[in-house]
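Numbered by the numbering used here, the letters in the sequence shown go through residues 704 to 1087 in order.
We put the beta carbon where it would ideally sit given N, CA and C, even for glycine.
For reference, the structure discussed in these notes is given below.
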Amino acid sequence: MHKKRWLLLLSVVLISVVVLWRWLPKEPVPVWLVTVEQGVVEATVSNTRAGTVKACRRSRLSMPIGGVVDRLLVKKGDKVDSGQLLLELWNKDREAEVVQAQQLVTSAINESQNACLMADLRQREAKRIESLRSKKLASIENLDTAQTAAQSQQRLCDAARGQVGVAEARLQLAQAILDRSRLHAPFAGIVAEINGEVGEYITPSPPGIPTPAAVDLIDYSCLYVSAPIDEIDASNLRLDMPAVITLDAFRNRELQGRVRRIAPYVLDLERQARTVEVEVQLETLPEDIALLVGYSADLLLIEARHENVLRIPSEALLPDNSVWLVDEQQRLQRRAVSKGLSNWTYTEIVSGLKEGERIVRSPDEPGLQEGAAVREQTDSLEQR
């Protein structure tokens, strides 16, 4: 009997504790809040792997013929103009051939002038004899002789003119052979690399066998970023699409660019990661930082942009498209919303919330439930 009383008393105490626990006010749940505001929301696509900064024009220049380097007129890092001479092989023999060809042209021109002058004299002589013959002051034999001589000399004149053309063609050939021993800049740029020194013998690249270029020339006036985009997102890409470029070397800078090329095929180098190569050209080159070809870079391609719309941090949105709203009594309400554009940072709210309302920024915190009292954390979410 005594034992039954103790059990009954213990049951009453436990029930009282449960009732008190349920009805006594609970400690408010600490949460981080954010205010619903207006702003810009962009739908974006990013690259799957790091991209690379490249030059719109880069030429790895090689000599078309082999030879010994006689003059090296530039060094690494030099700025050069279009057409500037960069390197010259030993070519004294070819220069002599050009001089010889020039002299042959001069000689052929002189011979042509003399032959044609004689042809003109013979022609005038034939006309004079013909005039005398009309007055019966010259015989027919004299006229035939004069006309034959004029025709013969005219043929010599024509042949001499032909020799001038041959001599000029030989001069062009000799000059072309000489030019092959000289390397000129095809465009203005910066010398990035030089393979060869004065006195060294360099050879041209055999067909199909890549060899180091004699001079690597880069045009830094135009730069772009080449990066892979997942095949799933490729259908949303279009030429001239705006993009934001970030570089590991300058983490606090964002550069603007536009899509200039979308590869017409899918790269399948990795079976599980098929991508499309995209090129984004920088709209303007920054003057306060030195962008180098080869820098790693990331792309954020902007598919759509909505301005002056309601937005919330994307992390505040629950998987079922709802949020935890904090009412005037500092209690939680589950609120369903309709969303528009979304990215990793912000989500556009089409309906369900009003500007100025406050919601829980981190909805995965323990203790969040309908009607629960909350208190705002004073420290920032990033400092947790």
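Helix, strand or coil for residue i? Go by DSSP, reduced to three states.
i, result
"residue 903", "coil"
"residue 739", "coil"
"residue 1073", "coil"
"residue 1007", "strand"
"residue 1019", "helix"
"residue 955", "strand"
"residue 779", "coil"
"residue 921", "strand"
"residue 999", "strand"
On the criterion of 16 or more Cβ atoms from any shown chain inside 10 Å, does residue i qualify as buried, or is it exposed?
i, result
"residue 925", "exposed"
"residue 1099", "Residue 1099 falls outside the range modelled here, since the chain spans only 704 to 1087, and no answer is possible."
"residue 1060", "buried"
"residue 978", "buried"
"residue 757", "buried"
"residue 928", "buried"
"residue 960", "buried"
"residue 954", "exposed"
"residue 794", "buried"
"residue 1047", "exposed"
"residue 750", "buried"
"residue 853", "buried"
Might you give, ordered along the chain, the residues of its own chain that have their beta carbon closer than 6 Å to the beta carbon of residue i, omitting 5 neighbours on each side?
i, result
"residue 808", "870, 871 and 874"
"residue 887", "786 and 788"
"residue 936", "748"
"residue 784", "891"
"residue 813", "none"
For residue i, I'd like the list of residues in its chain whose CB is within less than 7 Å of its CB, leaving aside the five on either flank, ordered along the chain.
i, result
"residue 841", "832 and 835"
"residue 1025", "1037, 1038, 1039 and 1040"
"residue 733", "1078 and 1080"
"residue 915", "898"
Could you tell me which residues DSSP pairs with residue i in its beta bridges?
i, result
"residue 984", "927 and 961"
"residue 757", "927"
"residue 733", "1078"
"residue 970", "978"
Which residue marks the beginning of the beta strand (DSSP E) containing residue i, and which one marks its end?
i, result
"residue 949", "945-950"
"residue 1054", "1049-1054"
"residue 1039", "1035-1039"
"residue 773", "770-775"
"residue 789", "788-792"
"residue 885", "885-887"
"residue 1062", "1061-1063"
"residue 940", "First-last for residue 940: undefined, no H or E at that position."
Give the range of the alpha helix (DSSP H) segment to which residue i is assigned.
i, result
"residue 892", "Taken as a continuous stretch (DSSP letters only), residue 892 belongs to no alpha helix (DSSP H), being part of the beta strand (DSSP E) at 892-897."
"residue 873", "843-882"
"residue 810", "795-837"
"residue 934", "934-937"
Below 8 Å CB to CB, which residues in the same chain sit around residue i once its five sequence neighbours on both sides are set aside?
i, result
"residue 1033", "731, 1076, 1077 and 1078"
"residue 880", "797 and 800"
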